[in-house]
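Below you'll find the structure, written out as structure tokens, and then a few comments.
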Ligand code: SF4
Ligand code: SF4
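Listed below in structure tokens is the structure:
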């Protein structure tokens with residue numbers, strides 16, 4: 001089982017920016033109501049541009065049990081974020097969570 005289901009730190013750590021064409025009202029999948037427009041070409045997940053950062057689509061409690069309310073429709077940065085990456089470990093440590101073990105499946 002993925003460590004992510006008991007984590008969610010990356011969804012409460014970074015700005016989540018993506019191209020406006022990923023918004024559902026622009027032909028994409030991300031619900032526009034959960035995003036804010038940054039400029040004409042970039043949108044941002046609501047909740048990720050002010051402290052404390054927490055994406056509006058995140059459910060549950062970071063470090064305990066979490067879910068993404070728009071998992072199937074989430075934007076590309078979320079799809080590309082890698083469990084076990086440096087950024088993942090940075091997010092986890094900011095939330096006081098231990099490093100993941102190597103090759104955790
Ligand atoms: S910080 Fe890493 S382990 Fe936690 S949810 Fe994000 S990718 Fe998964
Ligand atoms: S859209 Fe989902 S996966 Fe992406 S930051 Fe928000 S809660 Fe996390």
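Numbering (this note's numbering), first residue to last: 1 to 105.
The beta-carbon is built from N, C-alpha and C at its ideal position, and this holds for glycine as well.
All values derive from a computational prediction rather than experimental measurement.
- With contacts defined by Cβ atoms closer than 7 Å, residue 9 and residue 95 form a contacting pair.
- Where residue 22 is concerned, there is no enclosing alpha helix (DSSP H), because DSSP gives it neither an H nor an E.
- For residue 60, the secondary structure class from DSSP, reduced to helix, strand or coil, is strand.
- When the five nearest sequence neighbours on each side are left out, the beta carbons in the same chain lying within less than 6 Å of the beta carbon of residue 84 are those of 100, in order along the chain.
- The DSSP-derived three-state label of residue 90 is helix.
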